[in-house]
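Peer 1: Let me give you the structure first, and then I'll get to my questions.
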Amino acid sequence: MPATTTVAERGARPRALRSRNLEICPTERRVLADGRPLAITMREFETLLALAERRNEVVPRAELYALIWGGTMSYRDRSVDVFVQRVRKKLRQAAPDWTYIHTHFGVGYRLAPERRREPVARRLAPRFINSHGDRPHEASSPGARPRSQPAVPA
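Per my numbering, residue 7 is the first one in the sequence shown, and the count goes up by one each step.
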């Protein structure tokens with residue numbers, strides 16, 4: 007038996023894993039986020055399952071790689087990061103007011119579902135728009151003019 011077994015080699019778990027509003031059913035390969043099913047690929051499911059099996063713990067990237075793909079991760083391999091991003095995106099689409107996967111820079115990832123402090127609609131709303139319809143950062147430099155006014159040659 008190899009020293010490291012992948013998620014697929016370990017076999018499916020008989021029970022569902024639950025963490026707040028996230029439910030992962032390994033036997034059915036089904037994920038529910040905030041009661042909504044997620045359409046995810048096999049690798050995405052394995053990524054989420056590997057994190058869920060050690061929820062609230064930081065799982066190093068190299069360990070995730072070994073669990074999901076088997077073997078050793080090469081120095082510049084970004085496979086784990088790509089699949090974590092894909093899972094995050096799908097979770098965000100299903101439950102926009104929740105954050106599930108947290109990054110621990112230079113180490114790995116941790117699954118710990120948390121409700122976001124501010125609702126999504128409020129975070130995305132512009133704080134204010136000036137009289138020209140521009141957002142503040144567009145006309146904040148000295149001598150800046152609104153986009154609608156052409157430059158006048160001197």
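Cβ atoms here follow ideal geometry from the backbone N, Cα and C, with glycine treated the same way.
If you run the structure through DSSP and keep just helix, strand and coil, what is V93?
Peer 2: helix
Peer 1: Measuring alpha carbon to alpha carbon, tell me which of L57, V93, R21 ends up nearest Y115.
Peer 2: L57
Peer 1: Between R123, W104, Y71, which has its C-alpha nearest R42's C-alpha?
Peer 2: W104
Peer 1: With a threshold of 6 Å on Cβ separation, who are the neighbours of E120 within its own chain once the five nearest residues in sequence on each side are excluded?
Peer 2: T105
Peer 1: Within a Cβ cutoff of 7 Å, which residues of the same chain sit near V90, ignoring the five residues on either side of it in sequence?
Peer 2: T53, I107, Y115
Peer 1: M48 CB to nearest chain D CB: under 7 Å?
Peer 2: Among the chains of the structure shown, chain D does not appear; only one protein chain is present.
Peer 1: Let's see if you can read the secondary structure: which residues bound the alpha helix (DSSP H) around Y71?
Peer 2: Per DSSP, Y71 belongs to the alpha helix (DSSP H) from 67-74.
Peer 1: Tell me the start and end of each unbroken alpha helix (DSSP H) in the stretch 28-88 that is at least 4 residues and wholly inside, in chain order.
Peer 2: 48-58, 67-74
Peer 1: For R166, which of helix, strand or coil comes out of DSSP?
Peer 2: Missing from the structure shown is residue 166; the chain here goes from 7 to 160 and no further.
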